[in-house]
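Chains as they are written, first to last, in our numbering: chain L, 1127 to 1497; chain W, 864 to 1107.
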Amino acid sequence: MIKLDMVTKVYPDGTEAVKNVSFEIGQGELCVLLGPSGCGKTTTMKMINRLIPITGGTIYIDGVDTAKMDENALRRDIGYAIQQIGLFPNMTVGRNIETVPELKGWPENKRRQRGEELLKLMGMDSGEFIGKYPRELSGGQSQRVGVARALGGDPPILLMDEPFGAIDPITRVRLQDEFLKIQQTLKKTIIFVTHDIYEAIKLGDRIALMKEGELVQYDTPADLLYNPKNEFVENFVGADRALKGLQLIRVKDVVKASPPTVKSGEKTEIVRERMERAGINWLAVVNGDGNFLGGVGKADLGKGDSVGDVMSPSAETATANTVLNEVFSLMLSHGLDNLPIVDKDNRLQGVISFDTIRKALVELTQRGKTG
Amino acid sequence: MRHYVILISLLVLLLGLTVWITSLDWIKEGVYRPFAWGDIANCTKAHLEMVVIAELIAIAIGVPLGILVTRPVFRKLTTPIIGGANVGQSIPSLAVIAIMAPILGFGLQSAIVALVIYGLLPVLRNSYTGISNIDPAIVEAARGMGMSRRQIARKIELPLALPVIMTGIRVSTVITVGTAELAVLVGGAGLGRITLAGVYTMQPLTILQGAAPTAALAIILGFILARVEGGMTSRGLKVKAEMA
C-alpha cells in the first residue's frame, strides 16, 4: 500500500532529519511512527503527503511514485489530522468536515450527508454540532471534529500527528478507545505519529521506532517489547516492558472455558466438599439465569448455611474485550485473586486469575523471543 | 454601551458648538465674523473628498502590499517595507505635508499624496499582522487537505484577517481626517481653511468652527467603519468560547 524506499530529508543547512528510511505499510494497517522528539518521525510522515519535500529516495502509494502525482490531488486522498487540530474558526463544524468533499466537487447533499455521518461516527449529535463554530467546542470535541474532517473525503490513507497529544489523560484514553473501534470498521491505512510508547502499543499493528533520523526497528508491538533489536529499543520500551505487554492481550484471548459456579441458594456444606474435591479456594456465585452475583471463598463457607448468606457481592468485573493491564490493575487495587468476566447483560462468561495472566505473559514473551 | 453614550454626547457637543458659533450674530457682537453655513458645508465636502480619495489609494496600496509581504516569496521584503512604513509614520504629519509642496507644487495633489503616505502605515501594518498572526496549524491543516495556495488565501486567510485589516482602515481613516486639517497649508482644501483663518485672525471661536466639525467627522466615519467591520467579521470569530 505505502512503501518508503531509502527516504531521506536533508535540509539546506545540512541537517539530516531523516536518513535512508525504508519500510512498507500494508493495506488497512495502523503503523505507529514512534521515537523521542527530533527523531524525524513527523518529518517522515509529512513527506508522505509532501508537506515536506523529499530530498532522497522514493515514496510509493499503491506502486505509484508520489513525487509524480499532483500534490493537491495526492493530499485530497490522504486524510490529515494534527495535534493542534487547526480547525477553520470562520467555518462551522459542518463546513470544516466538508472541506475535502467540497474540494473534490461532491454535490451538496452528498457532502451534507457525509458530515452528519462522520459526526455520528465520532459519537457527536450532528443536529447539535453541525452548525456550531470551532470556538464553541471543548478540546475533546474539537479533536473529534479534527478526525472527522480528516475522514471527510473518505480517504484510503490517514496521517495522524499526535492527534490525542494535547488532551487531558481521561479524554485521551476515551478517544483512543473510540478511535480503535472506528478503525476496526473503517480499516484505513494509517500512519500515526506519537512519542508515547503506551499509545503506540495500544493502537499500532506495527511500530516503526526511530532515532536521530534512522529507523531502528520496525515490528509488531509484541516483537518490539520482547525481541528488542538493541539497547536503544530496550531502553525506550522500558524495564517494565512485561507489564506494557499486558496491553496487547485481551481477556477473550486467554479465558476460554466457562468457569465452575455455584448457585446462591446452594448449601455451604456441599460447596465446601466440591471445592475440596476440585482443589480450589474460590467460586463465582450466579443466580438461576446465570447472572453474576459475587464470589465465595473457602474460608467464608463456615459463616452461614447457604451460599447467598456468606458470599461477598462484587462490583468489579471485566468484559471479554478488556485488556489485561486493566484487569491486572483492577485486581491489584481491589485485592482480588479472581476477577469475573461478564457480558453486557451481566451474565458470567468466565473468571480470570493471576495465574492466567502470568501464563499469558510467559507465552507472549516466548513468542517474541522465538519470533 | 457606555462607549456609545460617550461618543454620542461628544458628537452632540461638537455639532452643537458648530451650530452655535455659526449662528452668532456678528454685527451685534461686533468683534467676530463667523463663516456662513455654506462655507462650512463646502469645506466639509472638500475635506471628506480628500479623505476618501487618500484613503482609497492607501487601501489600494496598503492591503495588497501588506498581504504580499507575508508570502514566502516576498519574505525578504517584509522588514524593509514594514520598517519603512513605521519610519514614515514617525515623521510629524506637518513635516510630511510640508515636504510635498516643494516636490509636487502647491495644490490638491500634494495634499492627497501626503495624506496617502501618512495613512498608509496602519492599513499596511494591519494587513500584514492580520495574515501573519493566523495560527500556522490552520494553514498547515488546509495545505494537508489539498487546498491550493489561492484557495487557502481566499477561504481561510482573508476571512480570518479581515477584521484586523478593517481595524487598520478605520484607524487610518480617523487619522487622515485629522491630518487633512493641514492640507490647506500646501494648497489643499477642507475644514483646515476655517481653522487656519481663525489662527491668523486670532479668533478662538473661528478655530473651533473649523475644528469641531473635523472632530465630529472623525467620530462619524470611525463609527460607520466600526459597524462595517462588525458586519464583515465571520460569525465564527465572534462567538464566545463556552468551555465545557
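For glycine and all other residues, C-beta sits at the position ideal for the given N, C-alpha and C.
In its own chain, which residues sit with a C-beta less than 8 angstroms from the C-beta of residue 1437 of chain L, not counting the 5 before and 5 after it?
-> Correct list, in chain order: 1390, 1411, 1419, 1420, 1421, 1422, 1426.
| request: Would you decide whether residue 937 of chain W is buried or exposed? Buried here means 16 or more other CB atoms lie within 10 Å of its CB. | output: Exposed.
- Query: Using a C-beta to C-beta distance shorter than 9 angstroms, which residues of chain W count as neighbours of residue 1168 of chain L?
  - Reply: Taking the beta carbon of residue 1168 of chain L as reference, no residue of chain W falls within 9 angstroms; the closest one sits roughly 11 angstroms away.
- request: Figure out for me which residue from W:1094, W:1072, W:1095, W:1099 has the closest Cα to the Cα of residue 886 of chain W.
  value: Considering only alpha carbons, the answer is W:1072.
> With 16 as the cutoff for other CB atoms within 10 Å, does residue 922 of chain W come out buried or exposed?
Replying inline: Buried, since its Cβ has 16 or more Cβ neighbours within 10 Å.
*DSSP bridge partner residues for residue 1336 of chain L (one or two, in chain order)*: L:1341, per the DSSP bridge assignment.
What do you reckon, are the CB atoms on residue 1003 of chain W and residue 1208 of chain L nearer than 8 angstroms?
Cβ distance < 8 angstroms, so residue 1003 of chain W and residue 1208 of chain L count as in contact.
Subject >> Through-space distance from residue 1367 of chain L to residue 1388 of chain L, alpha-carbon basis >> reply: One C-alpha to the other measures close to 38 angstroms.
- Can you tell me which of the three DSSP states residue 1287 of chain L falls into? Residue 1287 of chain L: strand per DSSP, three-state reduction.
| said: Among W:900, W:1102, W:1027, W:946, whose alpha-carbon lies nearest the alpha-carbon of residue 809 of chain W? | reply: For chain W, the structure presents residues 864 to 1107; residue 809 of chain W sits outside this window and is missing.
* Asked: In terms of alpha-carbon separation, which member of L:1274, L:1228, L:1235 lies closest to residue 1009 of chain W?
  -> Of the candidates L:1274, L:1228, L:1235, the residue whose Cα lies closest to the Cα of residue 1009 of chain W is L:1228.
task: Please confirm if residue 1234 of chain L has its CB atom under 8 angstroms from at least one CB of chain W.
output: At a cut-off of 8 angstroms, the C-beta of residue 1234 of chain L has no neighbouring C-beta in chain W.
TODO: Could you please tell me which residues of the stretch 1255-1271 of chain L, in chain order, have their CB closer than 9 angstroms to any CB of chain W?
DONE: So the close ones are 1258, 1259, 1260, 1261, 1262, 1263, 1264, 1265, 1266, 1267.
Quiz prompt | Secondary structure of residue 1479 of chain L, DSSP reduced to three states | solution = Residue 1479 of chain L carries a strand assignment under DSSP once its states are collapsed to helix, strand and coil.
When L:1396, L:1247, L:1492, L:1475 are compared against residue 1424 of chain L, the one with the closest alpha-carbon: Out of L:1396, L:1247, L:1492, L:1475, L:1396 has the C-alpha closest to the C-alpha of residue 1424 of chain L.
So, residue 1487 of chain L versus residue 1350 of chain L, is the Cβ gap smaller than 8 angstroms? Against a cut-off of 8 angstroms, the Cβ pair of residue 1350 of chain L and residue 1487 of chain L comes out as no contact.
**Request:** Locate the beta strand (DSSP E) running through residue 1132 of chain L, then write down its first and last residues.
**Result:** Its beta strand (DSSP E) spans residues 1128-1136.
Helix or strand or just coil, what does DSSP make of residue 912 of chain W? DSSP places residue 912 of chain W in helix when its eight states are reduced to three.
Item to check | Chain-order list of residues whose beta-carbon lies under 7 angstroms from that of residue 871 of chain W (same chain, five-residue window excluded) | outcome: Excluding sequence neighbours, residue 871 of chain W sits near nothing in its chain.
- For chain L, is any of its Cβ atoms less than 8 angstroms away from the one on residue 995 of chain W? Judged by the 8 angstroms Cβ criterion, residue 995 of chain W is not in contact with chain L.
Are three or more beta carbon pairs between the stretch 1028-1042 of chain W and the stretch 1063-1070 of chain W nearer than 8 angstroms?
-> With contact defined as three or more Cβ pairs closer than 8 angstroms, the stretch 1028-1042 of chain W and the stretch 1063-1070 of chain W are not in contact.
*Please report how far the alpha carbon of residue 932 of chain W lies from the alpha carbon of residue 941 of chain W, in whole angstroms.*
Approximately 5 angstroms, taken between the alpha carbons.
Task: As assigned by DSSP and simplified to three states, the class of residue 1316 of chain L - done: In this structure, residue 1316 of chain L counts as strand in the three-state DSSP scheme.
Margin query: Contact between the stretch 1045-1061 of chain W and the stretch 1460-1467 of chain L is defined here as three or more beta-carbon pairs at a separation below 8 angstroms; is this criterion met?
Written below: Too few Cβ pairs lie closer than 8 angstroms, so no.
Does residue 1099 of chain W come within less than 8 angstroms of chain L when only Cβ atoms are used?
Taking Cβ atoms only, chain L reaches closer than 8 angstroms to residue 1099 of chain W, which makes this a yes.
Can at least three beta-carbon pairs, one atom from the stretch 1328-1335 of chain L and one from the stretch 1157-1169 of chain L, be found at a separation below 8 angstroms? Counting C-beta pairs closer than 8 angstroms gives three or more between the stretch 1328-1335 of chain L and the stretch 1157-1169 of chain L, which meets the contact rule.
Under 8 angstroms, Cβ to Cβ, is there at least one residue of chain L near residue 998 of chain W?
Taking Cβ atoms only, chain L reaches closer than 8 angstroms to residue 998 of chain W, which makes this a yes.
Examine the ligand ATP and report whether any of its heavy atoms sits within less than 7 angstroms of the Cβ of residue 1409 of chain L.
Summarising the ligand content, the structure contains no ligands, and the ligand ATP is consequently not present.
Check: Can you find a C-beta in chain W that's less than 8 angstroms from the C-beta of residue 1215 of chain L?
Finding: With 8 angstroms as the cut-off, residue 1215 of chain L counts as an interface residue toward chain W.
* To do: Report the rounded CA-to-CA distance for residue 988 of chain W versus residue 1225 of chain L, giving the unit in angstroms.
  => Using only the alpha carbons, I get a separation of about 31 angstroms.
Cα-Cα separation between residue 1322 of chain L and residue 1163 of chain L, rounded to whole angstroms: Each residue's alpha carbon lies about 11 angstroms from the other.
Any Cβ of chain W within less than 8 angstroms of the Cβ of residue 1226 of chain L? Under the 8 angstroms criterion on CB atoms, residue 1226 of chain L is classed as interfacial with respect to chain W.
Just curious, the alpha helix (DSSP H) that residue 1219 of chain L is in, first and last residue? First-last of the alpha helix (DSSP H) with residue 1219 of chain L: 1219-1223.
Using a Cβ-Cβ distance under 8 angstroms, would residue 1208 of chain L count as near chain W?
Contact with chain W is found for residue 1208 of chain L, since one of that chain's Cβ atoms lies less than 8 angstroms from the residue's Cβ.
query: Relative to the alpha-carbon of residue 1314 of chain L, which residue among L:1141, L:1286, L:1292 has its alpha-carbon at the smallest distance?
result: Restricting attention to L:1141, L:1286, L:1292, the CA atom closest to the CA of residue 1314 of chain L is found in L:1286.
Check your understanding: CA-CA distance, residue 875 of chain W and residue 1220 of chain L?
Key -> As the crow flies, the alpha-carbon of residue 875 of chain W is around 47 angstroms from that of residue 1220 of chain L.
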